[in-house]
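Residue numbers (the working numbering), protein chains in the order written: chain A, 1 to 320; chain B, 321 to 640.
Yeah, the Cβ is synthetic: ideal placement off N, Cα and C, and Gly gets one too.
All of these numbers come straight from a predicted model, not from anything done at the bench.
2 protein chains.
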Amino acid sequence: MQLVVLAGGVGGARFVRGLRALVRRDRPGAAITVIANTGDDLWLAGLRVTPDLDSLMYALAGVNDEERGWGRAGETERVSAELTAYGVGWPWFTLGDLDLGTHIARTSLLKDGLPLSAVVERLTTRWPLGVRLLPATDDEVETHVRTAEGTMHFEEWWVRTRAALPALGFEQRGVERATAAPGVPEAILGADVVLIAPSNPVVSIGTILGIPGVREALEATSAPVVGLSPVIGGAVVRGMGDACLSAIGVATDAAAVARHYGARSAGGLLDGWLVDTVDEDAVEGLTAAGIATRAVPLRMTDDDATAAMAQAALDLAASR
Amino acid sequence: MQLVVLAGGVGGARFVRGLRALVRRDRPGAAITVIANTGDDLWLAGLRVTPDLDSLMYALAGVNDEERGWGRAGETERVSAELTAYGVGWPWFTLGDLDLGTHIARTSLLKDGLPLSAVVERLTTRWPLGVRLLPATDDEVETHVRTAEGTMHFEEWWVRTRAALPALGFEQRGVERATAAPGVPEAILGADVVLIAPSNPVVSIGTILGIPGVREALEATSAPVVGLSPVIGGAVVRGMGDACLSAIGVATDAAAVARHYGARSAGGLLDGWLVDTVDEDAVEGLTAAGIATRAVPLRMTDDDATAAMAQAALDLAASR
Numbered sequence: 001m002q003l004v005v006l007a008g009g010v011g012g013a014r015f016v017r018g019l020r021a022l023v024r025r026d027r028p029g030a031a032i033t034v035i036a037n038t039g040d041d042l043w044l045a046g047l048r049v050t051p052d053l054d055s056l057m058y059a060l061a062g063v064n065d066e067e068r069g070w071g072r073a074g075e076t077e078r079v080s081a082e083l084t085a086y087g088v089g090w091p092w093f094t095l096g097d098l099d100l101g102t103h104i105a106r107t108s109l110l111k112d113g114l115p116l117s118a119v120v121e122r123l124t125t126r127w128p129l130g131v132r133l134l135p136a137t138d139d140e141v142e143t144h145v146r147t148a149e150g151t152m153h154f155e156e157w158w159v160r161t162r163a164a165l166p167a168l169g170f171e172q173r174g175v176e177r178a179t180a181a182p183g184v185p186e187a188i189l190g191a192d193v194v195l196i197a198p199s200n201p202v203v204s205i206g207t208i209l210g211i212p213g214v215r216e217a218l219e220a221t222s223a224p225v226v227g228l229s230p231v232i233g234g235a236v237v238r239g240m241g242d243a244c245l246s247a248i249g250v251a252t253d254a255a256a257v258a259r260h261y262g263a264r265s266a267g268g269l270l271d272g273w274l275v276d277t278v279d280e281d282a283v284e285g286l287t288a289a290g291i292a293t294r295a296v297p298l299r300m301t302d303d304d305a306t307a308a309m310a311q312a313a314l315d316l317a318a319s320r
Numbered sequence: 321m322q323l324v325v326l327a328g329g330v331g332g333a334r335f336v337r338g339l340r341a342l343v344r345r346d347r348p349g350a351a352i353t354v355i356a357n358t359g360d361d362l363w364l365a366g367l368r369v370t371p372d373l374d375s376l377m378y379a380l381a382g383v384n385d386e387e388r389g390w391g392r393a394g395e396t397e398r399v400s401a402e403l404t405a406y407g408v409g410w411p412w413f414t415l416g417d418l419d420l421g422t423h424i425a426r427t428s429l430l431k432d433g434l435p436l437s438a439v440v441e442r443l444t445t446r447w448p449l450g451v452r453l454l455p456a457t458d459d460e461v462e463t464h465v466r467t468a469e470g471t472m473h474f475e476e477w478w479v480r481t482r483a484a485l486p487a488l489g490f491e492q493r494g495v496e497r498a499t500a501a502p503g504v505p506e507a508i509l510g511a512d513v514v515l516i517a518p519s520n521p522v523v524s525i526g527t528i529l530g531i532p533g534v535r536e537a538l539e540a541t542s543a544p545v546v547g548l549s550p551v552i553g554g555a556v557v558r559g560m561g562d563a564c565l566s567a568i569g570v571a572t573d574a575a576a577v578a579r580h581y582g583a584r585s586a587g588g589l590l591d592g593w594l595v596d597t598v599d600e601d602a603v604e605g606l607t608a609a610g611i612a613t614r615a616v617p618l619r620m621t622d623d624d625a626t627a628a629m630a631q632a633a634l635d636l637a638a639s640r
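Spelled out as structure tokens, the structure:
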């Protein structure tokens, strides 16, 4: 069984870990391919930084910092302090020492001529992740945010302003020249189920969908496409995703996100949609609109709870 | 008074520190310009590493590791361990965390388009060194070593094989396209005294002399050129310089090194030469050969001893 997940960083990683736990327990023959958002990627202090790919790699390798929610466990910041002393980089964007090891290795391999997908494959040989991790694209397509203070890289908006500066819109710089990374369309076309992780619908999932070749593959695949709502009870579970939804005129609401993705039968993305039990009143209307919807607990409190969510998504896909 | 020093890394740094101590004590109006060897520079793990410039910067900033003899004091190696785990870089060439901060900052500034000399100027604004530090060239001219096992970068030969693999010769890769860095010929031409630090005559001083424009300026300058022997009593004081001298057929001997540099009156480099008191028997012959030579204590045991050496060199220059 071929399972494909479109995922952002921290939330996506948590979901994939639950899915992996489910597969290990109940479906040992199934293979998981994760297509990761690369829109947050940036050049910082001369290094290529890929936040979502790293969140996925670290969490699946079990070396992530669970308490802080991002980066490596046991992290220190000696190098970052040096960079700040030299006036290089963004003082408000901390690069941990262990994390910098990854960025240096990645940048070195890119400089050697490897495409990002090959770099990810190379870096993840260090840790058997139990999933195949693919960047959405090998090309540099970075999300920029239009604000009243000018247009800035997504990470500057997200980290420096804590998304408090109202976003007027998002741009995928370089998207017109980009193509999906090798293996991405093939994985989607060959999937038995495609899952949309409960990640940011705008700057994570939306960014992946914007890469030429991805949406076409999702339209063409015979696999059912089932998403999980990142919004529970009118609030984004993790991060500041509501600021992104507002910017594109979508309410912070599980049903509104589903309608934003759209019913596949009407040219949209979704065959199925999971909302949390507190959003049960959305089930009927969405299902009537062509998105088979079920209400199940969607809090990723631990791997067991997340595995149950993944199971519910697979059940919904199978019932299509 | 304009003092110019041609210098390699650790030994050069120690000498310049003594000269700086002398200037601060006795000649507060004098200015020191250090022209540093860049032949040991290399790309490693995608980062531009400049060992001699860093040895000079760290020692003059007072942040060097005195006991180990190289790198930063209080160094750790967390990032290096990550690189090794990813299989990136040279596992036998340790990059400390603090040191990596310098390499990342440098590489970032180079990537922004700054020439190396501007990068050095920018990095050293962090620490008032009390000297002007110039790379011999902004161009990438890397020393390679011919051996029976093939040709390798100088740092691989020096660090991995500990210079135990016999060197058959040295190459300055890229030298034919190189020019002296901005300010280097001007400093030499405008100098009142040019000092040759007791650095490796082959791969430090020899490399600087090989940069197009440097030797021409040394020939043209009206300043006396006085060198200090890195060889005392038939042994190189620091490092494995004897392996370099052997490779070019020069005996490890204070007089032989002077004759290798040559008398300026005969088309060579030196007006004057300081040997250690144990090598006093070389004074007469060298002086007769056109290199005014004096024997003084040449062990750089502390800044005071080194300042006395620098004073002797300036005295010799003044007596010319």
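Q.
Contact criterion: CB-CB distance below 8 Å. Does Leu83 (chain A) meet it with respect to chain B?
A. Working through the first sequence from its first residue, we reach residue 83 (chain A) at position 83. Yes - at least one Cβ of chain B is within 8 Å of the one on Leu83 (chain A).
Q: Alpha carbon to alpha carbon, how far is Arg398 (chain B) from Asp99 (chain A)? Give it in angstroms, no decimals.
A: Sequence index remark: in the first sequence, residue 99 (chain A) carries index 99 (1-based). Sequence index remark: in the second sequence, residue 398 (chain B) carries index 78 (1-based). Computed Cα separation, rounded: 10 Å.
Q | Simplified DSSP state of Leu590 (chain B), which is helix, strand or coil | A | Mapped onto the second sequence, residue 590 (chain B) falls at position 270. Judged by DSSP in its simplified three-state form, Leu590 (chain B) adopts strand.
Q) Does DSSP put Thr102 (chain A) in a helix, a strand or coil? A) Taking the first residue of the first sequence as position 1, residue 102 (chain A) is located at position 102. Correct three-state label for Thr102 (chain A): helix.
Q) Would Ala574 (chain B) pass as a contact of Val551 (chain B) if the rule is Cβ separation under 8 Å? A) Taking the second sequence and counting its residues from 1, the one referred to as residue 574 (chain B) is at position 254. Taking the second sequence and counting its residues from 1, the one referred to as residue 551 (chain B) is at position 231. Contact check for Ala574 (chain B) against Val551 (chain B) passes: the beta carbons are separated by less than 8 Å.
Q.
Just list the residues that DSSP pairs Asn384 (chain B) with in beta bridges.
A. Your numbering for residue 384 (chain B) matches position 64 in the second sequence. Paired residues: B:Arg392.
Q: Indicate whether Ala540 (chain B) and Ala511 (chain B) have their beta-carbon atoms separated by less than 8 Å.
A: One-based indexing of the second sequence puts residue 540 (chain B) at position 220. One-based indexing of the second sequence puts residue 511 (chain B) at position 191. No. Outside cutoff.
Q.
On the CB-based measure, 16 or more other CB atoms within 10 Å of its CB, does Thr427 (chain B) come out buried or exposed?
A. Start at 1 with the first residue of the second sequence, and residue 427 (chain B) comes out as number 107. Taking a 10 Å sphere around the C-beta of Thr427 (chain B), we find 16 or more other C-beta atoms and assign the residue as buried.
Q) Apart from the five residues on each side of it in sequence, which residues of its chain come closer than 7 Å, Cβ to Cβ, to Ile208 (chain A)? A) As a first step, residue 208 (chain A) must be located in the first sequence, where it is residue number 208. For Ile208 (chain A), where only same-chain residues beyond five positions count, the Cβ hits under 7 Å are Leu6, Ile35, Asn37, Ala136, Val214.
Q) In chain order, which continuous runs of the alpha helix (DSSP H) of length 4 or greater are located wholly inside the region 533-563 of chain B? A) 534-540, all fully within the region 533-563 of chain B.
Q: Between the Cα of Pro297 (chain A) and those of A:Gly290, A:Ala288, A:Glu280, spot the shortest distance and give me the residue it belongs to.
A: As a first step, residue 297 (chain A) is located in the first sequence; it is residue number 297 there, counting from the start. The option with the nearest alpha carbon to Pro297 (chain A) is A:Glu280.
Q. Under three-state DSSP, which class holds Phe15 (chain A)?
A. By one-based count along the first sequence, residue 15 (chain A) stands at place 15. In the displayed model, Phe15 (chain A) falls within a helix according to three-state DSSP.
Q: Per DSSP, which residues does Ile205 (chain A) bridge with? Please list them.
A: Taking the first sequence and counting its residues from 1, one reaches residue 205 (chain A) at position 205. Answer by DSSP bridge pairing: none, since Ile205 (chain A) is not bridged.
Q) Is the shortest distance between the beta-carbon of Gly150 (chain A) and the beta-carbons of chain B less than 8 Å? A) Locating residue 150 (chain A) in the first sequence gives position 150, counting from the first residue. No, Gly150 (chain A) does not count as interfacial toward chain B.
Q. So is Ala235 (chain A) buried or exposed if we call it buried at 16+ other beta carbons inside 10 Å?
A. As a first step, residue 235 (chain A) must be located in the first sequence, where it is residue number 235. Exposed, by the Cβ-count rule.
Q | Residue span of the alpha helix (DSSP H) that contains Thr124 (chain A), given as start and end | A | The residue labelled residue 124 (chain A) in the question sits at position 124 within the first sequence. Thr124 (chain A) -> alpha helix (DSSP H) spans 116-124.
Q) Taking the alpha-carbon positions, what's the Tyr261 (chain A) to Thr252 (chain A) distance? A) Counting from one through the first sequence, the residue named residue 261 (chain A) turns up at place 261. Counting from one through the first sequence, the residue named residue 252 (chain A) turns up at place 252. Between the alpha carbons of Tyr261 (chain A) and Thr252 (chain A) lies a distance of about 13 Å.
Q) Helix, strand or coil: which one does DSSP assign to Leu367 (chain B)? A) Counting from one through the second sequence, the residue named residue 367 (chain B) turns up at place 47. In the three-state scheme derived from DSSP, where H, G and I count as helix and E and B as strand, Leu367 (chain B) is classed as strand.
Q | chain A contact for Tyr526 (chain B) (CB, 8 Å cutoff) | A | As a position in the second sequence, residue 526 (chain B) is number 206, starting the count at 1. Reading the sequence as shown, one finds Gly at residue 526 (chain B) and not Tyr. Not closer than 8 Å to any Cβ of chain A, the Cβ of Gly526 (chain B) fails to qualify, so no.
Q: Measure the CB-CB distance between Leu454 (chain B) and Thr353 (chain B) and report whether it falls below 8 Å.
A: Counting from 1 along the second sequence, the entry for residue 454 (chain B) is found at position 134. Counting from 1 along the second sequence, the entry for residue 353 (chain B) is found at position 33. Taking 8 Å as the Cβ cut-off, Leu454 (chain B) and Thr353 (chain B) qualify as a contacting pair.
Q: Please report how far the alpha carbon of Glu75 (chain A) lies from the alpha carbon of Ala615 (chain B), in whole angstroms.
A: The sequence position of residue 75 (chain A) within the first sequence is 75, counting from 1. The sequence position of residue 615 (chain B) within the second sequence is 295, counting from 1. Cα atoms of Glu75 (chain A) and Ala615 (chain B): separation of roughly 54 Å, rounded to the nearest angstrom.
Q. For the candidate residues B:Ala425, B:Gly561, B:Asn520, B:Leu449, whose alpha-carbon lies nearest to that of Ala484 (chain B)?
A. As a position in the second sequence, residue 484 (chain B) is number 164, starting the count at 1. Checking every option, the nearest Cα to that of Ala484 (chain B) belongs to B:Gly561.
Q | Amino acids of chain A, ordered along the chain, whose beta-carbon sits closer than 8 Å to that of Arg388 (chain B) | A | Taking the first residue of the second sequence as 1, we reach residue 388 (chain B) at position 68. Among the residues of chain A, none has a CB under 8 Å from the CB of Arg388 (chain B); the nearest is roughly 17 Å distant.
(Q) For a minimum of 3 consecutive residues, which ranges assigned as the beta strand (DSSP E) are wholly contained in the region 146-175 of chain A? (A) Uninterrupted beta strand (DSSP E) stretches at least 3 residues long and entirely within the region 146-175 of chain A occur at 150-153, 169-173, given in chain order.
Q: Please name the residue, chosen from A:Trp127, A:Asp276, A:Met57, A:Ile248, that lies closest to Gly407 (chain B) on a Cα-to-Cα basis.
A: Working through the second sequence from its first residue, we reach residue 407 (chain B) at position 87. Looking at the Cα atoms, A:Trp127 is the closest of the given residues.
Q. How many angstroms separate the CA atom of Leu269 (chain A) from the CA atom of Gly206 (chain A)?
A. By one-based count along the first sequence, residue 269 (chain A) stands at place 269. By one-based count along the first sequence, residue 206 (chain A) stands at place 206. For Leu269 (chain A) and Gly206 (chain A), the distance between alpha carbons rounds to 11 Å.
Q. Can you list, in chain order, the residues of its chain whose CB lies under 7 Å from that of His153 (chain A), leaving out five sequence neighbours each side?
A. To locate residue 153 (chain A), count along the first sequence from 1; it is residue 153. In its chain, beyond the 5 residues on either side, Leu42, Glu142, His144 have a beta carbon closer than 7 Å to the beta carbon of His153 (chain A).
Q | Contact belief for Glu475 (chain B) with Phe413 (chain B) at Cβ below 8 Å, rounded distance in angstroms | A | The residue you call residue 475 (chain B) lines up with position 155 of the second sequence. The residue you call residue 413 (chain B) lines up with position 93 of the second sequence. By a beta-carbon distance limit of 8 Å, Glu475 (chain B) contacts Phe413 (chain B). Their separation comes to about 7 Å.
**Q.** Exposure label - Gly416 (chain B); buried when at least 16 CB within 10 Å
**A.** Position 96 of the second sequence, counting from 1, holds the residue named residue 416 (chain B). Buried: at least 16 other Cβ atoms inside 10 Å.
(Q) Does Asp372 (chain B) pass the burial test, meaning 16 or more other C-beta atoms within 10 Å, or should it be called exposed? (A) Taking the second sequence and counting its residues from 1, the one referred to as residue 372 (chain B) is at position 52. Looking at its Cβ environment, which holds 16 or more other Cβ atoms inside 10 Å, Asp372 (chain B) is buried.
**Q.** Under the three-state DSSP convention, the category Glu142 (chain A) falls into
**A.** Start at 1 with the first residue of the first sequence, and residue 142 (chain A) comes out as number 142. The three-state secondary structure of Glu142 (chain A), taken from DSSP, is strand.
**Q.** Alpha-carbon spacing of Arg160 (chain A) relative to Gly366 (chain B), whole angstroms
**A.** Indexing the first sequence from 1 puts residue 160 (chain A) at position 160. Indexing the second sequence from 1 puts residue 366 (chain B) at position 46. Computed Cα separation, rounded: 28 Å.
Q: Look at the Cβ atom of Leu274 (chain A), then the Cβ atom of Leu228 (chain A), and state whether they are nearer than 8 Å.
A: Residue mapping note: residue 274 (chain A) aligns to position 274 of the first sequence, counting from 1. Residue mapping note: residue 228 (chain A) aligns to position 228 of the first sequence, counting from 1. Contact: yes.
**Q.** Spatial distance of Leu339 (chain B) from Gln492 (chain B) (CA atoms)
**A.** As a first step, residue 339 (chain B) is located in the second sequence; it is residue number 19 there, counting from the start. As a first step, residue 492 (chain B) is located in the second sequence; it is residue number 172 there, counting from the start. Near 29 Å, if we compare the C-alpha coordinates of Gln492 (chain B) and Leu339 (chain B).
Q: Pick out whichever of A:Ala243, A:Val184, A:Thr179 has its Cα sitting closest to the Cα of Pro201 (chain A).
A: Here residue 201 (chain A) corresponds to residue number 201 of the first sequence, with the count starting at 1. The shortest CA-to-CA distance from Pro201 (chain A) to any of A:Ala243, A:Val184, A:Thr179 is the one to A:Ala243.
Q) Would Ala263 (chain A) be called buried (16 or more neighbouring beta carbons within 10 Å of its own) or exposed? A) Your numbering for residue 263 (chain A) matches position 263 in the first sequence. Label assigned to Ala263 (chain A): buried.
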